[in-house]
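Q:
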Amino acid sequence: MSESNKAIILYGSLDTEFRTIEAMVKIYCKNHHKTPTLCEQCKDFLEYAFTRLDRCPYGEAKPTCRLCPIHCYKTDYREMSRKIMRYSGPKMLFKHPILAVRHLIAEKRPVPEKPESGASNRHKRKLLEKQNTGN
Ligand SMILES: [Zn+2]
1 MSESNKAIIL YGSLDTEFRT IEAMVKIYCK NHHKTPTLCE QCKDFLEYAF
51 TRLDRCPYGE AKPTCRLCPI HCYKTDYREM SRKIMRYSGP KMLFKHPILA
101 VRHLIAEKRP VPEKPESGAS NRHKRKLLEK QNTGN
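Take the sequence shown: its position 98, counted from the start at 1, is 98 in UniProt numbering, and no numbers get skipped.
1. Just list the alpha helix (DSSP H) runs in the stretch 17-59, keeping only unbroken ones of 4 residues or longer that don't cross its boundaries, in chain order.
2. Can you tell which of Val101, Ile105, Leu104, Lys114 has its C-alpha closest to the C-alpha of Ile70?
3. Pair every Cβ in the stretch 13-29 with every Cβ in the stretch 51-65, then say whether three or more of these pairs are closer than 8 Å.
4. Helix, strand or coil for His103 per DSSP?
5. Pull every residue with its beta-carbon under 5 Å away from any heavy atom of ligand 1, and keep them in chain order.
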C-alpha cells in the first residue's frame, strides 16, 4: 500500500470487499509469481483496486464487480482482475470461507439502478475529514 492509501479508510462492505480482493490477489501471486511477498505487479493491482473501491459511486451499496453496470477498470486491470478472480475465486471457499460466503450473499443483492449522489467512500471520507478539522 502506498503512503497515500495508508491513511485512507474504506467503510463497511467496501472494506470487506477490499479484504476479499486482497486475499484473492495473494493466492494468485503466491502460485504464479513465486515471490516471497506480493510482487510489484500485484501490489500495483491491489492499489488500483483500492482506489476504485474508494471512488465507486455506489459506495457501500456497491453491487459485486461482476454484476456492476459501471465498468470502471481500465482494460489492462480488468484483464488482470479476470485472471485473478478465475483462478482464486474457487479457492476462496476453502481458504477464506467467511469472505467467500459474504461475497456470495452480496451477489444475490439487487443491483441499484443508479448510485445515490455523494455515496462514494471518497465523498464520505472527505466529509468526515472536514467535520473533524471543524471547518
Ligand atoms: Zn504477483
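Using N, Cα and C, we set each Cβ at its ideal position, and we do this for glycine too. These numbers were taken from a predicted model, which means no experiment stands behind them.
A: According to the data block:
1. 40-55
2. By 1-based counting over the sequence shown, the position of residue 70 is 70. Nearest C-alpha to Ile70: Lys114.
3. yes
4. For the purposes of this step, residue 103 is identified with residue 103 of the sequence shown, where counting begins at 1. Correct three-state label for His103: helix.
5. That query returns the following residues: Cys29, His33, Cys39, Cys42.
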